[in-house]
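Asker:
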Amino acid sequence: MANPNAELIERFYRAFQDVDAEAMAACYARDIRFEDPVFGVLRGREAGDMWRMLLARAEDFSLTYTDIKATGQTVTANCVATYRFSRTRRTVANEISSRFAIRDGEIVEQTDSFDLWRWSRQALGLKGWLLGGSSIMQNRIRGDARKGLAEFRRKSES
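In this text, residue positions in the sequence shown follow UniProt numbering: the first is 1, and each later residue adds one.
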């Protein structure tokens, strides 16, 4: 018999491949805690709204995922999200390692890890190569992402 926690993460990634933010968000508990190097910590509906925003903007998007491993209520996996970054039109292949905590058949915590400097080199080009490793540039990337999410959420609520 397959592991139900691994099956949940498989369903989450299939929805991601299908550019289906609603199906991704449906895998989350209401009190989800999401964290990654760009958005920082997001809670509750904010995490689903991040996927809604990102996938609404997705262009030339594809996703591969591997190594789904479940141990008790914890699942780990790796994926590569490839897309055209909307601001610069540059192609990014972001290699992400994820850790999920599961409770009652829902994701209650997701922590995504990736190299923000590597991401910035792909997304921003020369500016990313030169400045992407600096805390000033990384904080600007984070600030822009949070600002974009807040704007998306404001428009969605209207």
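Note that the Cβ used here is the ideal one computed from N, Cα and C, for glycine as well.
Strictly by DSSP, which residues pair up with Q110?
Answerer: Its beta-bridge partners are F34 and F100.
Asker: Are V108 and A29 closer than 7 Å when you measure CB to CB?
Answerer: Cβ distance < 7 Å, so V108 and A29 count as in contact.
Asker: Take the Cβ of residue 160 as the centre, count every other Cβ of all protein chains shown within 10 Å, and call the residue buried at 16 or more, exposed below.
Answerer: No answer is possible for residue 160: it lies beyond the span of the chain, which begins at 1 and ends at 158.
Asker: Per the DSSP calculation, Y83 is bridged to which residue(s)?
Answerer: DSSP, once it has assigned bridges, lists V92 as partnering Y83.
Asker: Would you identify the three-state DSSP class for A2, choosing helix, strand or coil?
Answerer: The answer is coil: DSSP assigns A2 none of H, G, I, E or B.
Asker: Please state if the CB of F152 and the CB of M53 are separated by a distance shorter than 7 Å.
Answerer: Yes. Within cutoff.
Asker: Per DSSP, what kind of secondary structure is S62 in: helix, strand or coil?
Answerer: Strand.
Asker: Per DSSP, A70 is paired with what?
Answerer: DSSP output for A70 lists V75 as bridge partner(s).
Asker: Got a sec? Which residues, its chain only, sit under 8 Å from R43 by beta carbon, not counting five neighbours each side?
Answerer: So the list reads D31, I32, R33 and F34, once near-sequence residues are dropped.
Asker: What residues match up with Y28 in a beta bridge as DSSP calls it?
Answerer: BP columns for Y28 point to I107.
Asker: Sort G148, N78 and T91 by Cα distance to E59 and report the nearest one.
Answerer: Of G148, N78 and T91, the residue nearest in Cα terms is T91.
Asker: If you draw a straight line from the alpha carbon of N5 to that of A70, how long is it in whole angstroms?
Answerer: Their backbone Cα atoms lie some 7 Å apart in a straight line.
Asker: Apply the 10 Å Cβ neighbour rule to M1 and answer buried if 16 or more other Cβ atoms are within range, or exposed otherwise.
Answerer: With a pLDDT of 39 at M1, under the threshold of 50, the modelled position of that residue is not reliable, and the figure given next carries that caveat. Exposed: under 16 other Cβ atoms inside 10 Å.
Asker: Is the beta carbon of S98 closer than 7 Å to that of T82?
Answerer: Not closer than 7 Å, so no.
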